[in-house]
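Below: the structure, in C-alpha cells.
Protein chains: 2
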Amino acid sequence: MSDNRTKIIEIAETMVRSGGYNGFSFREIAAQIGIKSSSVHYYFPTKEALALEVAERYTTDFFAALGDPNSANGATPEKLRHYCSVFQSAFESSGRACLCGMLSNEVALLPESVRLAVIEFVNANISWLKNALSPATGDNKTSAAKTIYCGLEGAMSAAALTKDASWIEDVASSTLASILGEEG
Amino acid sequence: MSDNRTKIIEIAETMVRSGGYNGFSFREIAAQIGIKSSSVHYYFPTKEALALEVAERYTTDFFAALGDPNSANGATPEKLRHYCSVFQSAFESSGRACLCGMLSNEVALLPESVRLAVIEFVNANISWLKNALSPATGDNKTSAAKTIYCGLEGAMSAAALTKDASWIEDVASSTLASILGEEG
DNA sequence: GTCTATAAACAGATAGAC
DNA sequence: GTCTATCTGTTTATAGAC
Numbered sequence: 010m011s012d013n014r015t016k017i018i019e020i021a022e023t024m025v026r027s028g029g030y031n032g033f034s035f036r037e038i039a040a041q042i043g044i045k046s047s048s049v050h051y052y053f054p055t056k057e058a059l060a061l062e063v064a065e066r067y068t069t070d071f072f073a074a075l076g077d078p079n080s081a082n083g084a085t086p087e088k089l090r091h092y093c094s095v096f097q098s099a100f101e102s103s104g105r106a107c108l109c110g111m112l113s114n115e116v117a118l119l120p121e122s123v124r125l126a127v128i129e130f131v132n133a134n135i136s137w138l139k140n141a142l143s144p145a146t147g148d149n150k151t152s153a154a155k156t157i158y159c160g161l162e163g164a165m166s167a168a169a170l171t172k173d174a175s176w177i178e179d180v181a182s183s184t185l186a187s188i189l190g191e192e193g
Numbered sequence: 010m011s012d013n014r015t016k017i018i019e020i021a022e023t024m025v026r027s028g029g030y031n032g033f034s035f036r037e038i039a040a041q042i043g044i045k046s047s048s049v050h051y052y053f054p055t056k057e058a059l060a061l062e063v064a065e066r067y068t069t070d071f072f073a074a075l076g077d078p079n080s081a082n083g084a085t086p087e088k089l090r091h092y093c094s095v096f097q098s099a100f101e102s103s104g105r106a107c108l109c110g111m112l113s114n115e116v117a118l119l120p121e122s123v124r125l126a127v128i129e130f131v132n133a134n135i136s137w138l139k140n141a142l143s144p145a146t147g148d149n150k151t152s153a154a155k156t157i158y159c160g161l162e163g164a165m166s167a168a169a170l171t172k173d174a175s176w177i178e179d180v181a182s183s184t185l186a187s188i189l190g191e192e193g
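So the sequences go chain by chain: A and B. If you're matching positions, the first sequence starts at 10 in this note's numbering and goes up one per residue. If you're matching positions, the second sequence starts at 10 in this note's numbering and goes up one per residue.
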C-alpha cells in the first residue's frame, strides 16, 4: 500500500468533513501532498471512487472504536456512555463534524454508491445502539436508538459551527440520563 | 419588490438545502427562472450577499411559524409539541433538511456574514426553547433546549437521507416524553 | 431590468512521455 | 508512480449595449 494513497484518503476525509462532497477537489488534495492532480487520479479514477473509499474507511474506523455492543463487558449504561465518548473524541481530535452526518444532508448531489455507504453507516449505528440497549427499554428500542444517534449528530454539527465541544457533552448527558432513568 | 428577486431567493433556498453553500450557482438559478446569470447579479452582487439573504429569510419565516414562546396560550407541553411540528412541516413541505443545519456543517467554507447568520439561528432556537420550558426544568434548561434542538436537526438530516419523515416523529416523541416526564 | 460578451479561475478527467 | 499538457465544462464576477 502506497504512502500517498493513504495520504490522499486522509486529506480527502478532512476536506469532506469541512466542506462536504463539493468541498474537496483532486487539485487541492494533490497540492497538499506536493504532487499533481493526475497522480491522484492514478489511485482513484473518479471522485466517486475516492469519496466511497473515504466513507468506508470512516465507517470501519468508527465501528472499530465502538467495539462489540453485545460484549459481556459492561452493562447498558457503560456501553452508551462509551458510544457518546466516541462521538466526542471524533469531534475533539479534528474540530470537525461527522463525515456521514455531513454527507447525509447532501443526498441530492451524492453519487449512488456514496449515498448507499452513508445509509449503511446510519443503519449500523442504529443496530449497534439497539444491541447495547437493555431489554428493559422494550418496544421503544428503535426510537431510543434514533434519539441518541440524531442527538449526537446534531450536537456534532452545532459543536463544529460554534467551535464548542460542550454541545456534545450536554446533549449526551441529558439524553442518557432520561433513557437510563427510564430503564431504572 | 421585483418578482424575480423573490424567485431567486426561493430557488437559492431550495438549492442550498439540497447541496449546501457550494451546491448552488448563479447560472443554475438563472436557468430555472429563464434569465441570464448576469441578471441574478443585478439583484445580488455576490454569492455571499445572496446566501445571507436566504439565511435571514429562512430564519424570519421559521420564527414566524414558531410564534411567541412566552405566550400565555398553552403550557410547556403544547409549546414543545408545536416546536417539533414546525420542524416536521419544514421537512414534509420540501423533503429537505434544515437550511441552517445544512450550513452548520460547512462552517469552514462559509463567508463570515453567513456564518454569523447561522449562529444567530441556533442561538435563537435555544432561547426560544428555554422560554418555552417551564421553570420546573430548573438548572438543566439549557441542556434540555440543546437536546431538543440537536435531536430535531439530526432527525431532519436522517429524514432527508432516507426520505423517511418518521425519524422526526420518533425523535420528537421520544425526546419530549422524557423531558415532560421529568417535569411531572 | 435584461442582455451579450468576456475574463480569470477552477472543476473532473484523459493521453501519453518518462 | 509521477509528470506535462490538454480537453471540456463550470464557477463567480464585470463591462457595457439596449
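Idealized CB from N, CA, C, for every residue including glycine. Computed from a predicted structure; not experimentally measured.
Asked: Start-end ranges of the beta strand (DSSP E) lying completely within the stretch 64-130 of chain B, minimum 3 residues; Found: none
Asked: Whole-angstrom distance between Thr146 (chain A) and Pro120 (chain B), CA atom to CA atom; Found: 45 angstroms
Asked: Cα-Cα separation, Arg66 (chain A) to Gly28 (chain A); Found: 18 angstroms
Asked: Reduced DSSP secondary structure (H/G/I, E/B, other) of Asp12 (chain A); Found: helix
Asked: Alpha-carbon spacing of Ile38 (chain B) relative to Pro54 (chain B), whole angstroms; Found: 14 angstroms
Asked: From B:Ala154, B:Arg124, B:Cys107, residue whose alpha carbon lies closest to that of Thr85 (chain B); Found: B:Ala154
Asked: Ile44 (chain A), DSSP secondary structure in three states; Found: coil
Asked: Residues of the stretch 88-115 of chain B whose Cβ lies closer than 7 angstroms to any Cβ of chain A, in chain order; Found: Ala106, Gly110, Met111, Ser113, Asn114, Glu115
Asked: Test item: CB-CB of Ala64 (chain B) and Val123 (chain B) under 9 angstroms; Found: yes
Asked: As assigned by DSSP and simplified to three states, the class of Ile135 (chain B); Found: helix
Asked: Enclosing alpha helix (DSSP H) for Leu161 (chain A) [first to last residue]; Found: 150-171
Asked: Whether Met165 (chain B) touches Cys107 (chain B) by CB criterion (9 angstroms); Found: yes
Asked: Closest Cα partner of Asn13 (chain B) within the set B:Ser46, B:Asn31, B:Tyr30; Found: B:Ser46
Asked: Distance between Ala167 (chain A) and Asp173 (chain A) (C-alpha atoms, nearest Å); Found: 8 angstroms
Asked: Pro54 (chain B) in three-state terms, based on DSSP; Found: coil
Asked: Residue nearest to Ala133 (chain B) in terms of C-alpha spacing, selected from B:Ser103, B:Gly190, B:Leu75, B:Gly83; Found: B:Leu75
Asked: Pairwise C-alpha distance: Asp77 (chain A) and Trp137 (chain A); Found: 8 angstroms
Asked: Straight-line Cα distance separating Lys139 (chain B) from Arg90 (chain B); Found: 14 angstroms
Asked: 9 angstroms Cβ cutoff met for Cys159 (chain B) and Cys93 (chain A); Found: no
Asked: Beta-carbon separation (whole angstroms), Leu161 (chain B) vs Val131 (chain A), contact threshold 8 angstroms; Found: Contact doesn't hold; Cβ gap of about 16 angstroms is too wide.
Asked: Pairwise C-alpha distance: Ser103 (chain B) and Gly193 (chain A); Found: Its pLDDT being 43, under 50, Gly193 (chain A) is placed unreliably in this model, and the value from its coordinates should be taken loosely. Going from the Cα of Gly193 (chain A) to the Cα of Ser103 (chain B) covers about 40 angstroms.
Asked: Proximity test, Cβ basis, 9 angstroms: Thr184 (chain A) and chain B; Found: yes
Asked: Residues within the stretch 112-142 of chain B neighbouring chain A, beta-carbon criterion of under 7 angstroms; Found: Ser113, Asn114, Glu115, Val116, Ala117, Leu118, Val127, Ile128, Val131
Asked: Chain B contact for Leu59 (chain A) (CB, 9 angstroms cutoff); Found: no
Asked: For Ile20 (chain B) and Ser98 (chain B), the rounded distance between their alpha carbons; Found: 19 angstroms
Asked: Where Gly28 (chain B) sits in the DSSP three-state scheme; Found: helix
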